[in-house]
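Chains as they are written, first to last, in this note's numbering: chain A, 6 to 501; chain B, 6 to 501. Don't be surprised by glycine CBs; every beta carbon is placed ideally from N, CA and C.
Protein chains: 2
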Amino acid sequence: MTRTIGVTEVVLRDAHQSLIAIRMAMEDMVGACEDIDQAGYWSVECWGGATYDACIRYLNEDPWERLRTFRKLLPNSKLQMLLRGQNLLGYRHYEDMVVDKFVEKSAENGMDVFRVFDALNDPRNMAQAMAAVKKAGKHAQGTICYTISPLHTTEGYIKLAGQLLDMGAESIALKDMAALLQPQPAYDIVKGIKDTYGDVQINVHCHATTGVTLVSLMKAIEAGADVVDTSISSMSLGPGHNPTESLVAMLEGTEYTTNLDPARLIKIRDHFAAVRPKYKAFESATLVDTDIFSSQIPGGMLSNMESQLKQQGAGDRIKEVMEEVPLVKADAGHPPLVTPSSQIVGTQAVFNVLMGRYKVMTGEFADLMLGYYGECIGERNPEVVEIAHQQAKKEPITVRPADLLTPEWDTLVSDAGKLEGDNGSDEDVLTYAMFPSVAPGFFKTRDEGPKNVGKTPEQLDKEKEATSGNSQAVTGPITYKVSLGGRDHSVTVERA
Amino acid sequence: MTRTIGVTEVVLRDAHQSLIAIRMAMEDMVGACEDIDQAGYWSVECWGGATYDACIRYLNEDPWERLRTFRKLLPNSKLQMLLRGQNLLGYRHYEDMVVDKFVEKSAENGMDVFRVFDALNDPRNMAQAMAAVKKAGKHAQGTICYTISPLHTTEGYIKLAGQLLDMGAESIALKDMAALLQPQPAYDIVKGIKDTYGDVQINVHCHATTGVTLVSLMKAIEAGADVVDTSISSMSLGPGHNPTESLVAMLEGTEYTTNLDPARLIKIRDHFAAVRPKYKAFESATLVDTDIFSSQIPGGMLSNMESQLKQQGAGDRIKEVMEEVPLVKADAGHPPLVTPSSQIVGTQAVFNVLMGRYKVMTGEFADLMLGYYGECIGERNPEVVEIAHQQAKKEPITVRPADLLTPEWDTLVSDAGKLEGDNGSDEDVLTYAMFPSVAPGFFKTRDEGPKNVGKTPEQLDKEKEATSGNSQAVTGPITYKVSLGGRDHSVTVERA
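Written out as structure tokens, the structure reads:
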């Protein structure tokens, strides 16, 4: 009896987000789509907040056009996206009608599976998006953000899964953004959910940073996981994901199989192996990093704090800040450290070390303490809540944050409509709503068409030549001011 | 009930052999030794054929001095080496007395654990070395080289383990040099050996190339494996090994533990993270490669064959050669493809494609067919044996190959003694015996002391400058021929 494990391929979204700073242009993905579409994946993750942002910020690409292109090129695949609950793809809570509009438009443009999550694991921040997905007749996946803290337990995660199912989740995602999910808890959580709620579909998403999570996928599968996320090997490992082909090899000979087409995988791999060098300038250097198990601080958060300290001329105080982080996190009720809570907690820890504990509070940290981001698993420290109340001059809240918002869709439509280059579509309104500072510039330049920030083969060849052997070689025309016989000349030099 | 899993740290031998072409100088390892010694490893692998070769070929280091230094700097650790059975560290069979001498001297200089293997898994090629290790009162580890073929079965490997135990093996190593060992066979083989022979110690050695073998280590541990090989994370993955810290993280929360000291691991990691960039020029580019599961051809063998073809102007025929390899391998009785059988089979496959099947046979392949390397698991194709007999004008043999050798120690002593710079020690005789073409040059230059082929921080800074930002920057004086006003001038340009 062989059980087939579904695979979600993440190369079109999270892989390049994690490995090459989200910079991959659509034209560099198009060539792989037919093979991806035919390989036998359960779904293809291809859209999310960071890729949307990168499209309009760096690539002059319309993210909706990207989605429609994927829809056209992947006719047999379920397209999947990552949706930040009430935040959609932005960094604040949106009023419910904006959430509804976004989901409706995404579904209309071709999205099938919506992985809905909230950084604090507050189900109230996911409810509206989940309901909208179900209304659109699409797959609503409720998400558990996995983290480690004194309060996070297997039982707690099982309970959260139940809340997501009550909300109508068609499947549960166990999302391990920091590669913290070790084999034993992976097994325990998946087993616990299956034992408690029957045969609900469970998808497991792990990053590879700590080098241990392919084992966690194995254990999750043994415990009953149905679908796992991987990335084709040429765009895998490090801060990215476990390689798809390694997953296939892992299951050979066991009672599990993937049914992926190995010939297609080779073609997908070769495609991205050829493309990746174009983006070398954006490569992350991390290969494996297990520090997070002791520090509990994700790598990206650590480097943020380091750069904040350096800007203040206090680069030598990182150890103090690292010791401050767990205290701040505990005061805030143990939020998982993921965007935006990682930045909020990290910056406050830096402020505490530099200026005295909570002497100065960031507006965001005050909001976190006062409930404006939602509820955490733990109680917030009442003394720190009081300080936040005093400093921010805002009342603590216990309601769902979005309940305090007033309808904003009509204002957004009107504001977007005034922008040069806005095309009058709801999609443009949503782009403006989510990235109000970036969208105006993009609308203006959209007609110029996509820009590819990767290097051309010619540029790569030149660089290679410049660094191989003779790194002093002059490879292009350079003009020098040359003094010769007491007279100045302008001389242009170029390799013959 | 927690079971403690022993760990063999391979950073001092196999890790740099696999990742930076064996080039690490002793001076770049010394600084990590105290932490390695105190971290709680079961053993520290630090010596073997390739590192010995690299010492005298590239580093002007006496490999015996290196061993003695390790002994001094790692007083609490079991030192471990990889010994190619009757080949010792060289590429031919040695007469038994040379084997005895080598083992005796290695033990005397500080070696504790001898992992004895044979490329063909022929126990007769391991017997003398195993007996010598036992006579020296050291740990004799019998080795199974893992491969995949139509003839290799779990039962076969279990049987081989029994032969090694009969020979007096104190432990069994399951050695997976090509990262072919998938989780299920890892489990089955370890379980089978334990079930059949009781609680014999099993060490598992995997490379990481295919991205799947940390899972295999987990399964091996679940099946009862006692010790596993890993490398500190800053010198891990790719063609190297699974990261030591990831192994530690993998077992947390399970019924297994490593008892390694995490603070020591961090210091070891940081040491090698600082050292590794010096050897960037020798870095292997592979990050993950699962092709071997379909091709059955190790990566190093493939690139060898490609370069042989290119030299013959037949670079486009690699596909034919890849299809020829399984046939040649089957004709030879399915030897595992590891040094030297991988080169022998690969070169013959190239010859077959270029000149017609077995029209021209290499001397080595004829020897392999005639039994001069020992016995393989499968029967050799009698027709091809006959061709080898005709072409090489040698008789097929069935005895242990070393039985045909006559005593050679005295000749080796006398020949080595004539070399300039030979210090008269048995150790020098052994160096000469194993690397007769390299040893004379080394003896001559030994007095000049070790050379470090890594780059200095200054050199690295210069390179970084040359490639960062403006790759066309002129960083040193360059003389150009410049035409100016119709006249040629020689102009030297240098950054001010």
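Is residue 14 of chain A buried or exposed, if buried means 16 or more other CB atoms sit within 10 Å of its CB?
Residue 14 of chain A comes out buried.
Beta-carbon of residue 280 of chain B versus every beta-carbon of chain A: anything under 9 Å?
With 9 Å as the cut-off, residue 280 of chain B does not count as an interface residue toward chain A.
Using the beta-carbon count (16 or more within 10 Å), is residue 409 of chain B buried or exposed?
It is exposed - the Cβ of residue 409 of chain B has fewer than 16 other Cβ atoms within 10 Å.
Using 9 Å as the limit for Cβ to Cβ distance, is residue 304 of chain B near chain A?
False, the Cβ-Cβ gap to chain A never drops below 9 Å.
In chain B, which residues lie with their C-beta within 8 Å of the C-beta of residue 167 of chain A?
None at all; the shortest Cβ gap to chain B is about 23 Å.
In whole angstroms, what separates the C-alpha of residue 276 of chain B from that of residue 270 of chain B?
Roughly 10 Å between the two C-alpha positions.
Where does residue 475 of chain A sit, in a helix, a strand or coil, going by DSSP?
Note that residue 475 of chain A scores a pLDDT of 46, beneath 50, so its modelled location is shaky and nothing firm can be said.
Please go through the same chain and pick out, in chain order, the residues whose beta-carbon is closer than 7 Å to the beta-carbon of residue 6 of chain A, but skip the five residues on each side of it.
Excluding sequence neighbours, residue 6 of chain A sits near 260.
Alpha carbon to alpha carbon, how far is residue 426 of chain A from residue 35 of chain A? Give it in angstroms, no decimals.
Distance between the alpha carbons of residue 35 of chain A and residue 426 of chain A: 26 Å.
Thinking just about the alpha-carbon of each residue, which of A/346, A/286, A/351 is nearest to the one in residue 313 of chain A?
That would be A/351, whose Cα lies nearest to the Cα of residue 313 of chain A.
Any beta carbon of chain B sitting closer than 9 Å to that of residue 160 of chain A?
Answer no: the Cβ-Cβ gap between residue 160 of chain A and chain B never drops below 9 Å.
Under 8 Å Cβ-Cβ, which residues of chain A neighbour residue 257 of chain B?
Those within 8 Å of residue 257 of chain B in chain A are 187, 189, 298.
Do we get a CB-CB distance below 9 Å when we pair residue 250 of chain B with the residues of chain A?
Output row for residue 250 of chain B: interface = yes.
Whole angstroms are fine: how far does the CA of residue 386 of chain A sit from the CA of residue 359 of chain A?
Rounded to the nearest angstrom, the two C-alpha atoms are 21 Å apart.
Among B/378, B/418, B/395, which one has its Cα closest to the Cα of residue 402 of chain B?
For the residues B/378, B/418, B/395, the minimum Cα distance to residue 402 of chain B belongs to B/378.
Run through DSSP, which three-state label would residue 26 of chain A get?
The answer is coil: DSSP assigns residue 26 of chain A none of H, G, I, E or B.
Between which residues of its own chain and residue 191 of chain A is the CB-CB distance below 6 Å, once the five residues before and five after are set aside?
Same-chain partners within the cutoff: 221, 224, 225.
So is residue 8 of chain B buried or exposed if we call it buried at 16+ other beta carbons inside 10 Å?
Looking at its Cβ environment, which holds fewer than 16 other Cβ atoms inside 10 Å, residue 8 of chain B is exposed.
In the DSSP assignment, find the alpha helix (DSSP H) that holds residue 187 of chain B and state where it starts and stops.
It is not in any alpha helix (DSSP H) - residue 187 of chain B carries neither H nor E in the DSSP assignment.
Is it true that the CB of residue 11 of chain B sits closer than 9 Å to the CB of residue 291 of chain B?
No, the pair does not count as a contact, with Cβ atoms beyond the cut-off.
Would you identify the three-state DSSP class for residue 480 of chain A, choosing helix, strand or coil?
With a pLDDT of only 49 at residue 480 of chain A, under 50, the local geometry of the prediction cannot be trusted, and no value is derived from it.
Please specify which runs of the alpha helix (DSSP H), each continuous and at least 4 residues long, are wholly inside the stretch 258-315 of chain B, giving them in chain order.
Listed in chain order, the complete alpha helix (DSSP H) runs (minimum 4 residues) inside the stretch 258-315 of chain B are 267-280, 297-300.
Assuming residue 32 of chain A and residue 462 of chain A form a contact by the criterion Cβ under 8 Å, report the distance between their Cβ atoms to the nearest whole angstrom.
Not really, about 14 Å apart at Cβ, beyond 8 Å.
Verify the CB distance criterion: does residue 216 of chain A have a CB-CB separation below 9 Å to chain B?
With 9 Å as the cut-off, residue 216 of chain A counts as an interface residue toward chain B.
For chain B, find out if any of its Cβ atoms is closer than 9 Å to the Cβ of residue 271 of chain A; answer yes or no.
Yes, because at least one Cβ of chain B sits closer than 9 Å to the Cβ of residue 271 of chain A.
Got a sec: is the Cβ-Cβ distance from residue 476 of chain B to anything in chain A below 9 Å?
Low confidence applies to residue 476 of chain B: its pLDDT is 43, below 50, so where it sits in the model is not reliable, and the reading given next is rough at best. Chain A contact via Cβ: present.
Under 9 Å between the Cβ atoms of residue 209 of chain A and residue 195 of chain A?
Yes, the Cβ-Cβ distance between residue 209 of chain A and residue 195 of chain A is below 9 Å.
Counting Cβ pairs closer than 8 Å, one from the stretch 327-342 of chain A and one from the stretch 299-316 of chain A, do we hit at least three?
Because the criterion of three Cβ pairs below 8 Å is met, the stretch 327-342 of chain A and the stretch 299-316 of chain A touch.
From this set, A/319, A/82, A/73, A/29, which residue's C-alpha is nearest residue 42 of chain A's C-alpha?
Checked all of A/319, A/82, A/73, A/29; the closest Cα to residue 42 of chain A is A/82.
Which term fits residue 469 of chain B, buried or exposed, when burial requires 16 or more other beta carbons within 10 angstroms of its beta carbon?
Answer is exposed; the Cβ neighbour count stays below 16.
Just confirm the distance between the C-beta atoms of residue 236 of chain B and residue 251 of chain B, as a whole number of angstroms; I'd bet it's less than 8 Å.
Incorrect: roughly 10 Å between the Cβ atoms, too far for contact.
Compute the distance between the beta-carbons of residue 18 of chain B and residue 63 of chain B, then report whether it is under 9 Å.
Not a contact, by the Cβ cut-off of 9 Å.
Indicate whether residue 106 of chain B and residue 414 of chain B have their beta-carbon atoms separated by less than 9 Å.
Going by C-beta atoms, residue 106 of chain B is nearer than 9 Å to residue 414 of chain B.
When you compare the CB of residue 267 of chain A with every CB in chain B, is at least one pair closer than 9 Å?
Closer than 9 Å: yes.
Buried or exposed: residue 199 of chain A, going by 16 or more other Cβ atoms within 10 Å of its Cβ?
Label assigned to residue 199 of chain A: buried.
So, does the CB of residue 264 of chain B fall closer than 9 Å to a CB anywhere in chain A?
Taking Cβ atoms only, chain A never reaches closer than 9 Å to residue 264 of chain B, which makes this a no.
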